[in-house]
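Numbering (our numbering), first residue to last: 4 to 240.
Using N, Cα and C, we set each Cβ at its ideal position, and we do this for glycine too.
See below for the structure under consideration.
This is the structure we're talking about:
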């Protein structure tokens, strides 16, 4: 059984990060869009089809995506954002369908939500609280790598535009020490962001509840639209 973590982008596959881990191996493999047969520009349906086919071939049953899975529920008392976004102070906020803050995030966030939706149509389940004790056969999960560094007790990796590629090595070393993963030198910012949330998948695979922090509520699906949802984070203990 394997875990696939993807650090998403919406305009160019060169800005994706892909980390594949066999449960119990501690040796992630870092992939590219070529392994999935994907070419620019990214489209949610094509991307979902390619990811699903890859996961079938490689026995991937837990999929982590760095992007929102749904919109703010109309009955929520929290304005302009989902509960999980409020708790974790995410940089992007999803409001009612089609509305996000800041507005410049709309293309990326819609791509992510559409990707989750297409994967659901292929048989993937969104994370519900009940799944923590009994995961479904195929589980797709919203991740938040930037906050995962903190819950692992590490210094947060700066935003991609605020750190040079040559300055990421201390973060790779620290993550390798805490996680026990064999992380090769020269990983990109996107690959590190994909790797830092892999412990979430491991915790769910082994049902290690003490290794998780959850933010949000169960996703609500009404008229085919997904609202709210959980963001699980890895916890160092």
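Judging by CA-CA distance, which residue of the options is the nearest neighbour of residue i?
i: residue 37; options: 93, 24, 19, 31; result: 19
i: residue 50; options: 15, 138, 223; result: 15
i: residue 65; options: 92, 122, 93; result: 122
i: residue 150; options: 35, 55, 235, 99; result: 235
i: residue 100; options: 239, 226, 57; result: 226
i: residue 237; options: 174, 190, 59, 147; result: 147
i: residue 134; options: 169, 222, 239; result: 222
i: residue 23; options: 98, 117, 184, 124; result: 184
i: residue 125; options: 164, 141, 177; result: 141
i: residue 229; options: 166, 76, 56; result: 76
i: residue 209; options: 136, 11, 90; result: 136
i: residue 10; options: 67, 128, 53, 56; result: 67
i: residue 28; options: 196, 182, 188, 190; result: 182
i: residue 26; options: 98, 6, 194; result: 6
i: residue 118; options: 98, 73, 97, 152; result: 73
i: residue 30; options: 190, 206, 186, 195; result: 186
i: residue 154; options: 194, 8, 91, 195; result: 91
i: residue 194; options: 205, 57, 174; result: 174
i: residue 32; options: 127, 128, 190, 152; result: 190
i: residue 8; options: 224, 188, 206, 196; result: 196
Can you name, in chain order, every residue of its own chain whose Cβ lies under 8 Å from the Cβ of residue i, other than the five neighbours on each side?
i: residue 95; result: 71, 88, 103, 104, 105, 108, 111, 112
i: residue 192; result: 20, 160, 163, 166, 168, 171
Counting C-beta neighbours from all protein chains within 10 Å, is the total for residue i 16 or more, i.e. buried, or is it exposed?
i: residue 145; result: buried
i: residue 42; result: exposed
i: residue 115; result: buried
i: residue 138; result: buried
i: residue 60; result: exposed
i: residue 158; result: exposed
i: residue 93; result: buried
i: residue 231; result: buried
i: residue 17; result: exposed
i: residue 35; result: exposed
i: residue 69; result: buried
i: residue 78; result: exposed
i: residue 176; result: exposed
i: residue 56; result: exposed
i: residue 204; result: buried
Should residue i be flagged as near chain E, meaning a C-beta pair shorter than 8 Å?
i: residue 188; result: No chain E is present in this structure, which holds just one protein chain.
Quick one: what's got a C-beta closer than 6 Å to residue i's C-beta in the same chain, skipping five residues either side?
i: residue 130; result: 144, 233
i: residue 179; result: 186
Near residue i, what residues of its chain come up, given a Cβ to Cβ distance below 7 Å and the 5 sequence neighbours on each side ignored?
i: residue 3; result: Residue 3 lies beyond the residue range present for the chain, which begins at 4 and ends at 240; the question has no answer from this structure.
i: residue 81; result: 89
i: residue 4; result: 26, 62, 64, 208
Under 7 Å from any heavy atom of the ligand NAD, does the C-beta of residue i make it?
i: residue 59; result: No copy of the ligand NAD occurs in the structure displayed, which carries no ligand at all.
Next item on the list: Indicate whether the contact test is met: 3 or more Cβ pairs, each with one atom in the region 218 to 227 and one in the region 78 to 91, closer than 8 Å.
Entry: Enough Cβ pairs lie closer than 8 Å, so yes.
Margin query: Assess contact between the region 197 to 210 and the region 38 to 57, defined as three or more Cβ pairs (one per stretch) separated by less than 8 Å. Is contact present?
Written below: The region 197 to 210 is not in contact with the region 38 to 57.
Notebook entry, point to check: Which full runs of the alpha helix (DSSP H) of 4+ residues lie inside the region 147 to 187, going along the chain?
Noted result: Runs of the alpha helix (DSSP H) inside the region 147 to 187: 148 to 154, 172 to 182.
Note to self: As an exercise, report each continuous alpha helix (DSSP H) stretch of at least 4 residues that is fully enclosed by the region 58 to 95, in chain order.
What the structure shows: For secondary structure counted as the alpha helix (DSSP H) over 4 or more consecutive residues, the region 58 to 95 holds these complete runs in sequence order: 86 to 91.
Item checked: beta strand (DSSP E) runs contained entirely in the region 14 to 42, provided each spans 3 or more residues -> You should have 20 to 25, 32 to 34.
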